[in-house]
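K.L.:
Each protein sequence line maps, in turn, to chains W and L. Numbered per my numbering, the first sequence spans residues 1 to 274. Numbered per my numbering, the second sequence spans residues 10001 to 11158. Backbone N, C-alpha and C define an ideal beta-carbon position, used for all residues, glycine too. Remember, it's a predicted structure, so these values are computed and weren't measured experimentally. What follows is a single structure, and I will ask about it in a moment.
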Amino acid sequence: MPTILVPLDGSPHATVALPVAQTLAHLLEGTIHVLHVTRRATPPHELLRDLGLSPEELRGTILDVPAGSAAPAIVAAAEAAEDPTIVLCTHTGMDKPFGTLGHVAEEVLYSTRAPLVLVQPERGHRPWVVDHILLPHDGSPTTAEGFRPASRLALRARAELLVLHVAETGARPPEPGTFTLPRYVDQPQHEWPSWAAEFLERVCQLGGIPEELELRLQVATGEPGEEIVRTARERGSDLIVVVWRGRPEPGRARTTRTIIHRAPCPVLVYRISE
Amino acid sequence: MRARKPSASTGAGAGAVEPRATWAGPRRVTEAPGGFPPALLRPFRLIAFDWDGTAVVDRRADATAVRTVIDRLLRQGVLIAVITGTKFENVDRQLSSGIHGPHKQRLFILTNRGSEVWGFDAAGRRVSLYRRVATPEEERRLTAAADAVRAALVARTGLDIRVIYDRLNRRKIDLIPLAEWADPPKSEIGALYRAVQSRLVNAGYTGGLAEAFRLARETAARHGLQDPRITSDVKHIEIGLTDKSDSVDWLMRELAPKHGITPEEVLIGGDEFGDVAGFEGSDARMLTPSARGATFVSVGPEPGGAPPEVIHLGGGPERFVQLLEAQAQLHERRAADGDDIADTAESAPDTPSPHTADRIASALPIAPTSDPRWRIVDEGLNIAREHEIESIFAISNGYLGTRGSLAEANPFSTPATLIAGVYDVEEHSPDVPELVIMPDGMRLCAFVDGQPFEPGRGEILEHRRILDMRHGLFWREWRHRDPEGRIFRLRALRLASMADRHALVHSVAFTPENFAGRITLETRIEPPPRHETLPGVRAVRVQPKARGPAETPHGHQAAPAEAPAADAVADRASPPDPPADAQAPTNEAAKPEGPRNRAPAPIALTLHTPTTGTTVAFASTATLRPEGSARSVQEHPGDDGRLIQRIHVEVEIGGIYRLDRYVSVFTSRDTGRPAEAAARHLATLRRRGADALIADHVAAWKERWHAADVEIDGDEGAQRAIRFACYHLIAAANPEDERVSVPARALTGPSYSGHVFWDTEIYMLPFYIHTHPETARALLMYRWHTLPAAREKARAHGYRGAFYAWESAADGAEATPRRVLAPDGQIVTIRTGDLETHISADVAFGVWRYWRATGDDAFVLDAGAEILLETARFWASRGRFEDDGRFHIRNVIGPDEYHEDVDDNAYTNGMAAWNLQCAAHTAALLARRWPGRWDELRRKIHLEPDEPAEWRRMAAAMYLPIDPRTGLIEQFQGFFDLEEVDLAEFEPRTAPIDVILGRERTRRSQVLKQPDVLMLIALLWDRFPARVREANFRYYDQRTAHGSSLSPSIHALLAARLGDLATAERYFRQSAEIDLADNMGNAAGGVHAAALGGLWQAVVFGFAGTRFVGSRPSFDPHLPAGWRALRFRVRWRGVTYRVAIEAGGAVSCEPEPEDRTE
């Protein structure tokens, strides 16, 4: 059974993760585990008060209270859980501006191998509905593989999937087998439909995307992070799925950071094992 | 209508010009340089040699030359053995570290003077094959003996004499341990000898080196060494347990027999077989009894004379490399002549049992060519590349093509068979016919216990697909372990017969390596379901045909009431055989098909295209040998239109089995009764047998390659690329069908809907004109047959004459899609169908080119002239005289499609002017030489008497200005005022430039998609002065973004003609990589046929500088630096010329006799 981990530190911002977690748990038929890392033992009723939660809000969830440092404890909890997904607020400091990634969130981002959903506190506590999922895709085989959890989610939510390919000037394909925009477009009336279908076919095959899911493809040019954020805003995306290798490479880390910091919606970061 | 050979006649040219004398006398470029004795000019299968002094000057020398030729020999299946006294690392540094690939397994390094043998595994890692291990007592005695010799020498001379202890199984006594003689090269052996000798003698050791040698022998014996090996390289005296005779013995007793190599097939080389300074040379020990019958050769000076059994060549390492080069050429020529040997190491490098692969190989009548210059190989299975692999490895014969898909159904493959000329439309797009995707006729799967052997189940142990371009065969080699642990190996070939275009053959040799039991082999032909088709292509699929009276078995007409609804038809064209499920007899040995090895009677699956109603019939049957307990069941096609045959057989462990599958294809374009024809034809195929069909096919390809092959010496990649181009061009066209042309992606994939473009006349036609004119004629007849549609298009646009379709399908009607959804989400209107008018002149140019090259007056009288006249008439109505007195053609799209709706496009105007002039000239010629036929034609097309004269006037007044100061031709009016864009700023890029800049900015800039002005110059080269050609190339080349696959090859051609070889080579490689490199991805929908034709032109017209001005071709070659030679054939005016161009510029051009025999 999927485990939806929601780390809360007691700050008001942190609870913005709850509506997102609740929707995920519903769609994936999982169980929410509220995770509060503490250095001292706290009676449950005081804990609820510290977390700013009512008993009703905790109905159907499990409260885990590991000891230790926040980020390592979160990562460890995810490793121990069955089919985990972490839903975490990007930052909880009240005085931090939009687009910040707090140190706990950053450490979890670089450490965990579990899927991680980052939620901007500006989103507030409104319910989260998944109608439109944006899948930025650089054409590489590993990125395509990273879409598996997203396809499961989309299938359950009956959400629309938009694959976004951003062509960069000066970019080299990140890995062998990457399928980029065609170098030659002899006749656009034939080349573009063929290319688009081939691109999506590869996404489906390598990403294990079920046939019943309909994908659309859009191409943009420019700086990938900016284009992804812009498209998400224009399309009203409810979720952006980012696939990355977990390495702070200048180019790819910049794209991921831009998305995380400026996305108008939650971002699911799926880390590819190497 | 069958293709007719062009008739040899005269009169096609407009004035003869004497060719410039650009060639020297004939020279046989394949002759071994310098000449070798006959004993050395037969191909040896094992070549062993000393390293230092024989293959290289010394251990520090550049070994590139010898390594390169050794690599070639290894690839040809020759075993190479290096025999050396030094350690492995020294030889590895110069030789083996630079050899990569499975052929490295044929390389052996025998080191430490007979003590070790090293080989290499499939991954290129060294493997110890033999090591003489000294006992501790032997080690002690070696040391004692060496110490004793040293002590004796020191006592006598007082010299510094040292012992080297750390050599495997030997000790070295250094007689001259001085810095200046630390590592003397072999070339200084004379000076070394004098130095050692004088050192010893001057110190009182009057016997010198010889006496020291005797001392070492006696001392070794005295210290109890059994059979000590005493050798000397002058600087050292060695006391050892082994020497080079042990190396040769290992080769002759271990290696050669394992590969079936006799001593007569062995060559052993060295440089010191004879005496040096009074004692035996370092290679003398290689003359061992075990090597009796082998050939020995010395390249050293041999001051004491070489032994009589050694061929003394001299010349040192340089000469030895020449000898290896001659051997490589011998082997390569043998391979080119079809003497391929199925080689275990190459075909199955990692097999645990080499004999299994041998036996599999021997079950088929032919092996894949081993020459890497004739093969494209895909190792492993990379699903990310599967679609482009299917295109690259497609087989076709001009009538049909089938992709190189995996035979077992799997979700990654997109199998398709395509039949030329069979189109259909979809309801939502009735104006855009699509080449129909036919069933995959090569579907075959093996089942054990109901489970399939397929790549996705279990573990792929070995997988390889090979395009054997020389023989026109697609090979697959696959070894697999299923989840239950069963291991299965197969080698399979497929062909689309070039000798019988309705035939497909699939032969599979297979073995169950570690299991016995019941296997089911299932062949299947069925309409492809939607998910198997190439995505995005609006694929039209065939459907089962409703039964009708014309297709009733045995000629009876079924009453409508009796005809089952939507039922597929089973036709039998031969007397009924015993029931399909009859038990075949057991215990039959493997033999050709006989009366008891009986496959089910042929059954045809009949399908139809939904809208156009073309009937397509597939007939298929398979046979198994040895049939043993084989039982074959064939299902009649049912409502779902499937033709399935299952062969159930009990297999034995290690048994070798062979399945031959025959597929016959006919359509209603061929005959009114395609099912009957397919069934009857299938019976013929079976009677002929797979081996004979394969032989027929190979012979047909040999014939085509004789005319079309292009040989490039010195650049294996370029050689492979040009052969890849020629292979697909040969396979793409059908000289027997005048109603089809070559689609943009040939018959390798349905991308571009199977539409025909100017690609055929401008890019591909020259290849056919000069290598297979009957195909060129058929392609031009297609344009004549589609003249009515071209006339109709002109009329619909308000013009006269023939306005050819920009995209053409079966009938020539305009088939260009009107709109496309661009990747940025915008819907773009496609205007090429309306505005890209140069297509008419392109067709006319093709006609003219063919006529000039062949002198086929009959074609011109029957068809070609009409095309020339009607296209000229189109131009006359399309343009107009304006106030400036010039003839203008406005609102067009030229080859550079980034700029639409422009005025006076240079290419369009230039080709239109040519078209008008050519038509006027043709009219005059016909009127003069064939007045009767001229009158007929004139009346047929209602030609007015003054039209030709008016055409001349228009051509003369055509707007095509050349700036007198710069020599530049403006691509269209206003081009020079557009924004200049530095394309280099956008490199490297992974997107087309118009996507990066956006359509609008691209349109307002000087960025070109592909050559436009330069295309005009390439086609009408002689009409422009050299200054103009150069100026425009420099100007437009830097502005061309090469957004079309048609682009790089033309730039390569032009750059080569202009002598800019660096640029030419860069573009050549760019064009060569369009399909073959794995970084493009859009070969998924089929190979780029125009680019392949352009590549051939870049070589023949560009690098070779072939021109056809007079009665013979002339040449102005500019070969890339790495090309040692270029050879090809061209046909001109009924004569085939063999052309050979060497790096120095020497050209040989000899006419070939028509009745050649080889």
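With a threshold of 6 Å on Cβ separation, who are the neighbours of residue 196 (chain W) within its own chain once the five nearest residues in sequence on each side are excluded?
P.N.:
Within the first sequence, the letter at position 196 stands for residue 196 (chain W). Taken in chain order, the residues that qualify are 217.
K.L.:
CB-CB under 8 Å to residue 1 (chain W), same chain, minus the five flanking residues each way: which ones, in chain order?
P.N.:
On the first sequence, position 1 is the one that residue 1 (chain W) refers to. Closer than 8 Å at the Cβ level, and outside the excluded window around residue 1 (chain W), lie 29, 30, 31, 82 and 83.
K.L.:
Give the residues of chain L in contact with residue 190 (chain W), contact being defined as C-beta atoms less than 7 Å apart.
P.N.:
Residue 190 (chain W) sits at position 190 when you count from the first residue of the first sequence. Under the 7 Å cutoff, chain L gives 10751, 10752 and 10753.
K.L.:
Given this structure, state the Cα-to-Cα distance separating residue 10240 (chain L) from residue 10180 (chain L), to the nearest angstrom.
P.N.:
By 1-based counting over the second sequence, the position of residue 10240 (chain L) is 240. By 1-based counting over the second sequence, the position of residue 10180 (chain L) is 180. Taking the straight line joining both Cα atoms gives about 26 Å.
K.L.:
Note the first and the last residue of the continuous alpha helix (DSSP H) segment covering residue 10793 (chain L).
P.N.:
Here residue 10793 (chain L) is taken as the residue at index 793 of the second sequence, counted from 1. Taken as a continuous stretch (DSSP letters only), the alpha helix (DSSP H) holding residue 10793 (chain L) covers 10787 to 10796.
K.L.:
For residue 10385 (chain L), go through chain W and note every residue whose CB falls closer than 8 Å to its CB, in chain order.
P.N.:
On the second sequence, residue 10385 (chain L) is found 385 positions in, with the first residue counted as 1. 177, listed in chain order.
K.L.:
From residue 10491 (chain L) to residue 72 (chain W), what distance separates their C-alpha atoms?
P.N.:
Locating residue 10491 (chain L) in the second sequence gives position 491, counting from the first residue. Locating residue 72 (chain W) in the first sequence gives position 72, counting from the first residue. So the alpha carbons of these two residues sit roughly 54 Å apart.
K.L.:
Can you find the residues in the same chain that come closer than 7 Å, C-beta to C-beta, to residue 10321 (chain L), ignoring five residues on each side of it along the sequence?
P.N.:
Counting from one through the second sequence, the residue named residue 10321 (chain L) turns up at place 321. Cβ neighbours of residue 10321 (chain L) beyond the five flanking positions: 10065, 10066 and 10069.
K.L.:
Mind checking if residue 11045 (chain L) is an interface residue toward chain W, Cβ cutoff 8 Å exclusive?
P.N.:
To locate residue 11045 (chain L), count along the second sequence from 1; it is residue 1045. Chain W contact via Cβ: present.
K.L.:
Please state whether DSSP places residue 218 (chain W) in a helix, a strand or coil.
P.N.:
Locating residue 218 (chain W) in the first sequence gives position 218, where the first residue counts as 1. If DSSP states are grouped into helix, strand and coil, residue 218 (chain W) belongs with the strands.
K.L.:
If we count Cβ pairs, one from each stretch, closer than 8 Å, do we get three or more for the region 10253 to 10266 of chain L versus the region 10075 to 10089 of chain L?
P.N.:
Output reads yes: the region 10075 to 10089 of chain L touches the region 10253 to 10266 of chain L.
K.L.:
Look at residue 10244 (chain L) and residue 10286 (chain L) and say whether their C-beta atoms are less than 8 Å apart.
P.N.:
On the second sequence, position 244 is the one that residue 10244 (chain L) refers to. On the second sequence, position 286 is the one that residue 10286 (chain L) refers to. The answer is yes: Cβ separation under 8 Å.
K.L.:
Go ahead and pull the three-state DSSP assignment for residue 271 (chain W).
P.N.:
In the first sequence, counting from the first residue as 1, residue 271 (chain W) sits at position 271. Correct three-state label for residue 271 (chain W): strand.
K.L.:
Report the residue ranges of all beta strand (DSSP E) runs contained in full by the region 117 to 189 of chain W; include only those spanning at least 3 residues, in chain order.
P.N.:
Complete beta strand (DSSP E) runs here, min 3: 132 to 136 and 160 to 167.
K.L.:
Terminal residues of the continuous alpha helix (DSSP H) containing residue 11132 (chain L)?
P.N.:
In the second sequence, the residue the question calls residue 11132 (chain L) occupies position 1132. Segment 11125 to 11132 is the beta strand (DSSP E) holding residue 11132 (chain L); no alpha helix (DSSP H) there.
K.L.:
Could you name the residues of the same chain whose beta carbon sits closer than 6 Å to that of residue 11046 (chain L), not counting the 5 residues immediately before and after it, in chain order?
P.N.:
Taking the second sequence and counting its residues from 1, the one referred to as residue 11046 (chain L) is at position 1046. Hits under 6 Å: 11010 and 11090.
K.L.:
For residue 10105 (chain L), which three-state DSSP category applies?
P.N.:
Within the second sequence, residue 10105 (chain L) is the residue found at index 105, counting from 1. Reduced to three states, the DSSP call for residue 10105 (chain L) is helix.
K.L.:
Residue 10641 (chain L) and residue 10682 (chain L) - do their beta-carbons sit closer together than 8 Å?
P.N.:
The sequence position of residue 10682 (chain L) within the second sequence is 682, counting from 1. The sequence position of residue 10641 (chain L) within the second sequence is 641, counting from 1. The answer is no: Cβ separation not under 8 Å.
K.L.:
Using 8 Å as the Cβ pair cut-off and three pairs as the minimum, do the region 10681 to 10696 of chain L and the region 10458 to 10467 of chain L touch?
P.N.:
Cβ pair count under 8 Å is below three, so no.
K.L.:
Which residues, in order along the region 10403 to 10431 of chain L, keep a beta-carbon less than 9 Å from a beta-carbon of chain W?
P.N.:
Hits within the stretch, in order: 10411, 10412 and 10414.
K.L.:
Secondary structure at residue 10918 (chain L), three-state DSSP: helix, strand or coil?
P.N.:
Residue mapping note: residue 10918 (chain L) aligns to position 918 of the second sequence, counting from 1. In this structure, residue 10918 (chain L) counts as helix in the three-state DSSP scheme.
K.L.:
Report the three-state DSSP secondary structure of residue 10282 (chain L) (helix, strand or coil).
P.N.:
Within the second sequence, the letter at position 282 stands for residue 10282 (chain L). In this structure, residue 10282 (chain L) counts as coil in the three-state DSSP scheme.
K.L.:
If you draw a straight line from the C-alpha of residue 11061 (chain L) to the C-alpha of residue 183 (chain W), how long is it?
P.N.:
Within the second sequence, numbered from 1, the residue matching residue 11061 (chain L) stands at position 1061. Within the first sequence, numbered from 1, the residue matching residue 183 (chain W) stands at position 183. Using only the alpha carbons, I get a separation of about 24 Å.
K.L.:
My guess is that residue 10479 (chain L) and residue 10378 (chain L) are in contact by the Cβ rule of under 8 Å, so how many angstroms apart are they, rounded?
P.N.:
The residue you call residue 10479 (chain L) lines up with position 479 of the second sequence. The residue you call residue 10378 (chain L) lines up with position 378 of the second sequence. So it is not a contact: roughly 15 Å between Cβ atoms.
K.L.:
Which complete alpha helix (DSSP H) runs does the region 10155 to 10229 of chain L hold, if anything under 4 residues is left out?
P.N.:
Qualifying alpha helix (DSSP H) stretches, in chain order: 10189 to 10202 and 10208 to 10222.
K.L.:
For the alpha helix (DSSP H) containing residue 10685 (chain L), name the first residue and the last one.
P.N.:
Counting from 1 along the second sequence, the entry for residue 10685 (chain L) is found at position 685. Element bounds for residue 10685 (chain L): 10674 to 10688.
K.L.:
Taking contact to mean at least 3 C-beta pairs separated by less than 8 Å, is the region 10997 to 11017 of chain L in contact with the region 11069 to 11079 of chain L?
P.N.:
In short, these stretches do not touch, since the Cβ pair count stays below three.
K.L.:
Less than 8 Å between C-beta atoms, sequence neighbours within five positions excluded: which residues of the same chain meet that for residue 10745 (chain L)?
P.N.:
By one-based count along the second sequence, residue 10745 (chain L) stands at place 745. Hits under 8 Å: 10391, 10751, 10752, 10754, 11085, 11086, 11087, 11088 and 11089.
K.L.:
If you check the beta carbons only, do residue 65 (chain W) and residue 86 (chain W) fall under 8 Å apart?
P.N.:
Within the first sequence, numbered from 1, the residue matching residue 65 (chain W) stands at position 65. Within the first sequence, numbered from 1, the residue matching residue 86 (chain W) stands at position 86. Contact: no.
K.L.:
Counting only beta-carbon atoms, is residue 232 (chain W) nearer than 8 Å to chain L?
P.N.:
Translated into the one-based positions of the first sequence, residue 232 (chain W) becomes position 232. Answer no: the Cβ-Cβ gap between residue 232 (chain W) and chain L never drops below 8 Å.
K.L.:
Tell me whether residue 10006 (chain L) sits in a helix, a strand or coil according to DSSP, three-state version.
P.N.:
The sequence position of residue 10006 (chain L) within the second sequence is 6, counting from 1. Confidence in residue 10006 (chain L) is poor, its pLDDT being 24 and thus under 50, which makes the residue's placement unreliable; the coordinate value appears in the next sentence. Three-state result, residue 10006 (chain L): coil.
K.L.:
Roughly how many angstroms separate the alpha carbons of residue 154 (chain W) and residue 239 (chain W), rounded to a whole number?
P.N.:
Walking along the first sequence from the start, residue 154 (chain W) turns up at place 154. Walking along the first sequence from the start, residue 239 (chain W) turns up at place 239. So the two alpha carbons sit approximately 10 Å from each other.
K.L.:
I'd like the span of the beta strand (DSSP E) that includes residue 10522 (chain L), first residue to last.
P.N.:
Mapped onto the second sequence, residue 10522 (chain L) falls at position 522. Counting along the chain, the beta strand (DSSP E) containing residue 10522 (chain L) begins and ends at 10517 to 10525.
K.L.:
Run through the region 10085 to 10149 of chain L for me and flag every whole beta strand (DSSP E) of 3 or more residues, listed as ranges in chain order.
P.N.:
Fully enclosed beta strand (DSSP E) runs of 3 or longer: 10107 to 10111, 10116 to 10120 and 10126 to 10131.
K.L.:
Go through its chain and collect everything with a Cβ distance to residue 10867 (chain L)'s Cβ below 8 Å, but skip five positions before and after it.
P.N.:
Walking along the second sequence from the start, residue 10867 (chain L) turns up at place 867. Excluding sequence neighbours, residue 10867 (chain L) sits near 10780, 10783, 10784, 10787, 10802, 10843, 10844 and 10847.
K.L.:
Counting only C-beta atoms, is residue 11007 (chain L) closer than 8 Å to chain W at any point?
P.N.:
To locate residue 11007 (chain L), count along the second sequence from 1; it is residue 1007. No, residue 11007 (chain L) lies away from the interface with chain W (no Cβ there is under 8 Å from its Cβ).
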